[in-house]
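Protein sequence lines correspond, in order, to chains A and B.
Offset between the first sequence (1-based) and the numbering used here: plus 136.
Offset between the second sequence (1-based) and the numbering used here: plus 136.
Every residue gets a Cβ at the ideal spot worked out from N, C-alpha and C, and that includes glycine.
As the structure is a prediction and not an experimental result, all values here were calculated from the model.
Protein chains: 2
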Amino acid sequence: MVEESLVIMRERARQKFQDVQSLIISSLRALDSRADLKSDNWKRDGGGGGLTCVLKKGAVFEKAGVNFSEVWGELPPEMGEKLVGKAQSLPFYATGTSLVIHPYSPMIPTVHANIRYLEVDEKSWIGGGADLTPYYLFEEDAVHFHQVMKSVCDSVKRGSYPKLKTWCDEYFFLKHRGEARGVGGIFFDYLGKEDPENIETHFSLAAALGDRFCEAYLPIVEKRKVESFTDEQKRFQLVRRGRYVEFNLIWDRGTLFGLRTGGRTESILMSMPPEVLWEYDHQVKPGTREHKLSEILKQPRDWV
Amino acid sequence: MVEESLVIMRERARQKFQDVQSLIISSLRALDSRADLKSDNWKRDGGGGGLTCVLKKGAVFEKAGVNFSEVWGELPPEMGEKLVGKAQSLPFYATGTSLVIHPYSPMIPTVHANIRYLEVDEKSWIGGGADLTPYYLFEEDAVHFHQVMKSVCDSVKRGSYPKLKTWCDEYFFLKHRGEARGVGGIFFDYLGKEDPENIETHFSLAAALGDRFCEAYLPIVEKRKVESFTDEQKRFQLVRRGRYVEFNLIWDRGTLFGLRTGGRTESILMSMPPEVLWEYDHQVKPGTREHKLSEILKQPRDWV
């Protein structure tokens, strides 16, 4: 029997996450009316389902996926052990909205955001985050993105940004490359697991992040979509997208959790870039913009 | 102090694996003299090094990597536990040659092969395999490849092919897609770990596989390089290459072992295809060649 307070939290989370998905999809379409929208309502064997929306072949967005899901069922014992320390099959409930946007122009950064609510056994918690992955870095864009992230954090709990910023830098790191995925943002997980009395506050953080995602990202798109770029710069973007794939498939706990527990493969892998290149031992020349980016990725920076 | 018999085995393995690399590189160049060859001699911090050879932008081969390595040092405790059941830092020695060939034409299959010798603590063993990944399947090519694989197995131990063929089908399987990577081949691992008296026989298997790799693959290349193909067929190849990436980064123990234990990233990821596409929810039409391939990948077949 699920407690009444949890049922109410489920309802609120689902409603908010669905609203966030609608808001973001309509904002993206307003900015790029040429993109094709594909919407898939899907059911999950074992409980729940979702709505996967993918925009593609736009004037600005090469591929933008925004996924909502609400799923429940039984977790395999090894996941139960990992998440709540009980090596047994446990009931779970999860709802979330996640997105990855791959613009066509290498002058516009890729972005990811995710907000989620989970229950396993008697525990429940909130997770989420947003991070920016530029190919050609305009520092003021990184500053703007982080300023909105800081403001989101401060609106819920003053002074909470530095911790969530560092958490993001640590999470979105490719250990096998010794470099960050991008210029970061914020990341949080398991909030409320050990302090259930604060779950309301933690939920507000996820909600604020969802509500203000567009404010963090779309002004950057508007500003950079007019920048021209060369074929060579496009090629550099495709090589860097390879790093994005490497992060998602090797290190991202969310992706691996989904793929290994029978999640809907196409919805999970909507995060993959549309076109990617791997070149053996790709190098960048000292002094170039490409080199500057790779230097910044080696050592996370403070942007606000 | 390493036993004398092990020292001799190391020498023989290294020598054979280096010879196999040279043989394969020269055979590939003979077939495609237009390809650029890049050879990197590299050293590993902590012990050993290797030679990574990559052919690219050929008339036939878009990217072909053949890597030899010989490395030693201390394994992290979690790997010691996994490999020999001792959760402590253990000395290891490993040498091997591995290759992945990505032809330009979607009518020519991609191929992978690998032979390796490992020592951890007091145990030593042989591993290896070869498997074929077609985009447009010519059944006679799969039959030819498997016939050579069977002959390699029979030359060492009559009747050993079926087990190694099944092992390959089970290993090169994308669980999150419910499909095989390709039409398989043979795979073996940990040979000699529990029966050190047979290490000679097991080594002969790896050696025979290395010696006869070209016989298994190059006639297929010769035969299919004259086939014409459309842009749409090329596009299908790029989408299928995405599955290759997914296998290597999510499921391949060898790749993950290398990347997580500080292996040389560029040598490990030379297996990545040069150009790749991910399309959301890519579908194939019933009755087409693309559909036929996807049906075959769902259920491994006997080819000889």
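Determine the direct distance from the alpha carbon of Ile322 (chain B) to that of Thr302 (chain B), and round the result to whole angstroms. Numbered from its first residue, the second sequence carries residue 302 (chain B) at position 166. Numbered from its first residue, the second sequence carries residue 322 (chain B) at position 186. Their backbone Cα atoms lie some 8 Å apart in a straight line.
Would Lys218 (chain B) count as contacting chain A if we go by Cβ distances under 8 Å? Against the second sequence, residue 218 (chain B) aligns to sequence position 82. So, not an interface residue.
Establish whether the CB of Met285 (chain B) and some CB of chain A are separated by less than 8 Å. Residue numbering aside, residue 285 (chain B) sits at position 149 when the second sequence is read from its first letter. Answer no: the Cβ-Cβ gap between Met285 (chain B) and chain A never drops below 8 Å.
Could you tell me if His338 (chain A) is buried or exposed, where buried requires 16 or more neighbouring beta carbons within 10 angstroms of its beta carbon? Within the first sequence, residue 338 (chain A) is the residue found at index 202, counting from 1. Classification for His338 (chain A): buried.
Taking the Cβ atom as the reference point for each residue, do Val256 (chain B) and Leu327 (chain B) lie within a distance shorter than 8 Å? The residue you call residue 256 (chain B) lines up with position 120 of the second sequence. The residue you call residue 327 (chain B) lines up with position 191 of the second sequence. Contact flag unset, no.
Tell me, which residues are paired with Trp208 (chain B) by DSSP? By 1-based counting over the second sequence, the position of residue 208 (chain B) is 72. According to DSSP, which records beta bridges pairwise, Trp208 (chain B) is partnered with B:Tyr229.
Using only CA atoms, which one of B:Val279, B:Val288, B:Leu254 and B:Gly265 lies nearest to Trp439 (chain B)? Position 303 of the second sequence holds residue 439 (chain B). When only C-alpha atoms are compared, the closest one is B:Val279.
Let me know if Asn203 (chain A) comes out buried or exposed under the rule of 16 or more other beta-carbons within 10 Å of its beta-carbon. Here residue 203 (chain A) refers to the residue found at position 67 of the first sequence. Flag for Asn203 (chain A) reads buried.
Would you kindly check if the distance between the Cβ of Val319 (chain B) and the Cβ of Ile251 (chain B) is under 8 Å? In the second sequence, counting from the first residue as 1, residue 251 (chain B) sits at position 115. In the second sequence, counting from the first residue as 1, residue 319 (chain B) sits at position 183. In this structure, Val319 (chain B) does not lie closer than 8 Å to Ile251 (chain B) by Cβ.
Would you list the residues sitting across from Val440 (chain B) in a DSSP beta bridge? Stepping through the second sequence from its first residue, residue 440 (chain B) is reached at position 304. Bridge partners of Val440 (chain B): none, in fact.
Taking C-beta to C-beta, are Val247 (chain B) and Leu273 (chain B) nearer than 8 Å? Counting from one through the second sequence, the residue named residue 247 (chain B) turns up at place 111. Counting from one through the second sequence, the residue named residue 273 (chain B) turns up at place 137. For Val247 (chain B) and Leu273 (chain B), no; Cβs fall outside 8 Å.
For Trp414 (chain A), which residues in chain B fall below 7 Å Cβ to Cβ? Position 278 of the first sequence, counted from the start, is the residue given in the question as residue 414 (chain A). Near Trp414 (chain A) (Cβ distances below 7 Å), the residues of chain B are Leu405, Met408, Pro409 and Pro410.
Thinking C-beta only, is Phe372 (chain A) closer than 8 Å to Pro242 (chain A)? Translated into positions along the first sequence, residue 242 (chain A) becomes position 106. Translated into positions along the first sequence, residue 372 (chain A) becomes position 236. Cβ distance < 8 Å, so Pro242 (chain A) and Phe372 (chain A) count as in contact.
Return yes when the Cβ of Glu382 (chain A) is within less than 8 Å of the Cβ of Leu433 (chain A), no when it is not. Position 297 of the first sequence, counted from the start, is the residue given in the question as residue 433 (chain A). Position 246 of the first sequence, counted from the start, is the residue given in the question as residue 382 (chain A). Taking 8 Å as the Cβ cut-off, Leu433 (chain A) and Glu382 (chain A) do not qualify as a contacting pair.
Quick one: is Ile386 (chain A) near chain B, going by C-beta distance under 8 Å? Numbered from its first residue, the first sequence carries residue 386 (chain A) at position 250. So yes, Ile386 (chain A) belongs to the interface.
Pro332 (chain B): which of B:Ala171, B:Tyr253 and B:Leu173 sits nearest, CA to CA? If you number the second sequence from 1, residue 332 (chain B) lands on position 196. Minimum Cα distance to Pro332 (chain B) is reached at B:Tyr253.
Alpha carbons only, please: which of A:Lys259, A:Ala230 and A:Phe228 is nearest the one belonging to Lys329 (chain A)? Taking the first sequence and counting its residues from 1, one reaches residue 329 (chain A) at position 193. Out of A:Lys259, A:Ala230 and A:Phe228, A:Lys259 has the C-alpha closest to the C-alpha of Lys329 (chain A).
Using the Cβ count rule (16 or more neighbours within 10 Å means buried), how would you classify Pro239 (chain A)? Translated into the one-based positions of the first sequence, residue 239 (chain A) becomes position 103. By the 10 Å Cβ count, Pro239 (chain A) comes out buried.
Inter-residue spacing [alpha-carbon to alpha-carbon] between Gly209 (chain B) and Thr231 (chain B): Within the second sequence, numbered from 1, the residue matching residue 209 (chain B) stands at position 73. Within the second sequence, numbered from 1, the residue matching residue 231 (chain B) stands at position 95. Each residue's Cα considered, the two are about 12 Å apart.
Just the Cα atoms here: how many angstroms apart are Thr401 (chain A) and Arg437 (chain A)? Within the first sequence, residue 401 (chain A) is the residue found at index 265, counting from 1. Within the first sequence, residue 437 (chain A) is the residue found at index 301, counting from 1. Their Cα atoms are separated by approximately 34 Å.
First and last residue of the uninterrupted beta strand (DSSP E) at Ser407 (chain B): Along the second sequence, read from residue 1 onward, the residue named residue 407 (chain B) stands at position 271. Element bounds for Ser407 (chain B): n/a, residue is neither H nor E.
For Phe383 (chain B), name the three-state secondary structure that DSSP assigns. Walking along the second sequence from the start, residue 383 (chain B) turns up at place 247. Correct three-state label for Phe383 (chain B): helix.
Return the CA-CA distance between Lys359 (chain B) and Glu351 (chain B), expressed in angstroms with no decimal places. Looking up residue 359 (chain B) in the second sequence gives position 223. Looking up residue 351 (chain B) in the second sequence gives position 215. Roughly 13 Å between the two C-alpha positions.
Specify the secondary structure class of Phe309 (chain B) as computed by DSSP and reduced to three states. Against the second sequence, residue 309 (chain B) aligns to sequence position 173. In this structure, Phe309 (chain B) counts as strand in the three-state DSSP scheme.
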